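Student:
Number of protein chains: 2
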Amino acid sequence: MQVVVPFAAGEPKTRLADALARDERREFARAMLGDVLSAIRATGRVPAVLTTSRIDVDAPQTVDSRPLTPAVNAVLDEEGTTAIVMADLALATPAALERLFSSAGDVVLAPGRRGGTNALVARHPEFRVDYHGTSYLDHLRIARTIGASVAEVDSHRLATDVDEIADLAEVLTHGDGAARDWLLDAGFSLSVTDGRVDVSRER
Amino acid sequence: MQVVVPFAAGEPKTRLADALARDERREFARAMLGDVLSAIRATGRVPAVLTTSRIDVDAPQTVDSRPLTPAVNAVLDEEGTTAIVMADLALATPAALERLFSSAGDVVLAPGRRGGTNALVARHPEFRVDYHGTSYLDHLRIARTIGASVAEVDSHRLATDVDEIADLAEVLTHGDGAARDWLLDAGFSLSVTDGRVDVSRER
């Protein structure tokens, strides 16, 4: 099984612009990518990065400047069984990824918050992705159309893609890799307001 | 194992006040409670409701008007192995709950978003809860203090407590019970704005 990690090299994590400067978003995104690659390697698999432009990374990379959906579908056109794992799953552990990789099903989906699909395994030759909007429901529909069986991986760690400020609290609470270290070094910490967890930053 | 579902009967789901009127919030909270009780029963266990005031529900109930933490700790004072499952886990399935109930560990924690603890199993006689703020981290600390082993249940379904408008999209996407039906009947549907999933309401 090939494991592919798409990465938007140009202007990553724009929804974090209120919390992080542009260079910081780039550094943080790279830290998350490194954590995801490490977690995949710890399952015994060799990840490849599918990046919008060449980056300095210790992994095989394919450059495709197109948006996510056509770039991933070009991979699915050429490869057999393929796993697609998003680069911002800073909470991903080898155990959570192993559940994804080893689940039976022509298509295995790890839903993300807000209708997304944060990771998947495609074993059916006709399965193609559509990441826009309600991609989880779209992927269910696509699988049904081609007669592919579907398994769902129910994982908070895989459901948590980090792209809003509130998600940083998840990294500080449940992360244990470079992304969490980066946030701590940048002065972020957990805070509690009205009994709810948030992040605050010391500058 | 006793399975206890705490329920705030008075003024439920105040964070949904922008989306739902008071009576609607009460109805919706009751629909979610019903779904949680059904999912627990489908694992072969008999749930009991720990409610702040008497409600009309088809399950044994204990009334305790105190806040969540002392009310749950009063249960833990008296019972042996006990599971505590929040009443707003509208995505909970029997499979997700079975993973919780059957995980080995003196304390089993199912983290919620934003530092919460959405479900747990307490098998250690000295374990007590503290639901305020970063309860997940507090529960890890409490377990460490008493020398209790801890297991984590990594479940998106159990991590998703429904208390903000954004969470309604999760119910519409992944739910299949009375809470989802209630939202559909109330005119809610998924909508996509800027490639992101949201809910909108037709009145």
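Sequences listed follow chains F and U, in order.
What the first sequence shows, in our numbering, is residues 148 to 350, in sequence order.
What the second sequence shows, in our numbering, is residues 148 to 350, in sequence order.
For glycine and all other residues, C-beta sits at the position ideal for the given N, C-alpha and C.
From a predicted model like this one, the values you see are computed outputs, not experimental measurements.
(1) Using a Cβ-Cβ cut-off of less than 8 Å, list which residues of the stretch 275–296 of chain F approach chain U; keep chain order.
(2) Who are the Cβ neighbours of F:His-286 in its own chain at under 6 Å, not counting the five residues just before and after it?
(3) Can you tell me whether F:Ile-289 is helix, strand or coil according to DSSP?
(4) Drop a sphere of 10 angstroms on the beta-carbon of F:Leu-180, count the other beta-carbons inside from all chains shown, and report buried for 16 or more, exposed for fewer.
(5) Grab me the residues of U:Leu-284's own chain with a C-beta within less than 7 Å of its C-beta, minus the 5 sequence neighbours each way, in chain order.
(6) Which residues share a DSSP beta bridge with U:Asp-345?
(7) Should F:Asp-203 go down as buried or exposed, given a rule of 16 or more other Cβ atoms within 10 Å for buried?
(8) In chain order, what residues of the same chain have a beta carbon less than 7 Å from the beta carbon of F:Ala-251, not counting five sequence neighbours either side?
(9) Using CA atoms only, rank isn't needed, just tell me which of F:Leu-331, F:Val-151, F:Glu-317 and F:Val-344 is closest to F:Val-232.
(10) What in chain U is Cβ-close to F:Leu-244, meaning under 7 Å?
(11) Which whole runs of the beta strand (DSSP E) in the stretch 256–312 of chain F are 3 residues long or more, in chain order?
(12) What three-state label does DSSP hand U:Thr-190 in the structure shown?
(13) Which residue or residues does DSSP assign as beta-bridge partners of U:Leu-357?
(14) Check the Cβ of F:Ala-313 against every Cβ in chain U and list those closer than 9 Å, keeping chain order.
(15) In this structure, how does DSSP classify F:Thr-228 when only helix, strand and coil are distinguished?
(16) Just the chain U side, please: which residues come within less than 9 Å of F:Thr-320 by C-beta, in chain order?
(17) Assuming contact is defined by CB atoms lying nearer than 7 Å, are U:Arg-162 and U:Asp-310 in contact in what I supplied?
(18) Report the three-state DSSP secondary structure of F:Val-141 (helix, strand or coil).
(19) For U:Asp-235, tell me which candidate among U:Ala-155, U:Glu-245, U:Arg-348 and U:Val-210 has the shortest Cα-Cα distance.
(20) Just to make sure I have the definition right: I need the residues of chain F whose C-beta is within less than 7 Å of the C-beta of U:Val-339. Which are they?
(21) Where U:Ser-302 and U:Glu-273 are concerned, what is the direct C-alpha to C-alpha distance, given to the nearest angstrom?
Tutor: Straight from the coordinates:
(1) Going along the stretch 275–296 of chain F in chain order, one finds His-279, Gly-280, Thr-281, Tyr-283 and Leu-284 with a Cβ nearer than 8 Å to chain U.
(2) Excluding residues within five positions, the ones whose Cβ falls inside 6 Å are Leu-256 and Thr-264.
(3) Helix at F:Ile-289.
(4) Residue burial annotation: F:Leu-180 is buried, with at least 16 other C-beta atoms found within 10 angstroms of its C-beta.
(5) Cβ within range, chain order: Gly-262.
(6) Note: U:Asp-345 is bridge-paired with U:Ser-338 in the DSSP secondary-structure output.
(7) Exposed: under 16 other Cβ atoms inside 10 Å.
(8) Excluding sequence neighbours, F:Ala-251 sits near Ala-298.
(9) For F:Val-232, the closest C-alpha among the options F:Leu-331, F:Val-151, F:Glu-317 and F:Val-344 is that of F:Val-151.
(10) The CB of F:Leu-244 never comes closer than 7 Å to any CB in chain U; the least such distance is about 11 Å.
(11) Entirely contained in the stretch 256–312 of chain F, the beta strand (DSSP E) runs reaching 3 residues are, in chain order, 264–269 and 297–299.
(12) Of the three classes helix, strand and coil, the one that applies to U:Thr-190 here is coil, per DSSP.
(13) In the structure as shown, chain U starts at 148 and stops at 350, and residue 357 of chain U therefore has no counterpart that could be examined.
(14) What F:Ala-313 touches in chain U: Arg-260 and Arg-261.
(15) Here F:Thr-228 sits in coil by DSSP.
(16) Against chain U, a Cβ distance below 9 Å from F:Thr-320 picks out Pro-258, Arg-261, Gly-262, Thr-281, Tyr-283 and Leu-284.
(17) Against a cut-off of 7 Å, the Cβ pair of U:Asp-310 and U:Arg-162 comes out as a contact.
(18) The structure shown does not extend to residue 141 of chain F, since chain F spans only 148 to 350, so no value can be given for it.
(19) Of the candidates U:Ala-155, U:Glu-245, U:Arg-348 and U:Val-210, the one whose C-alpha sits nearest the C-alpha of U:Asp-235 is U:Ala-155.
(20) One finds Gly-280 and Thr-281 in chain F with Cβ atoms closer than 7 Å to the Cβ of U:Val-339, taken in chain order.
(21) Take the alpha-carbon of U:Ser-302 and the one of U:Glu-273: they are about 26 Å apart.
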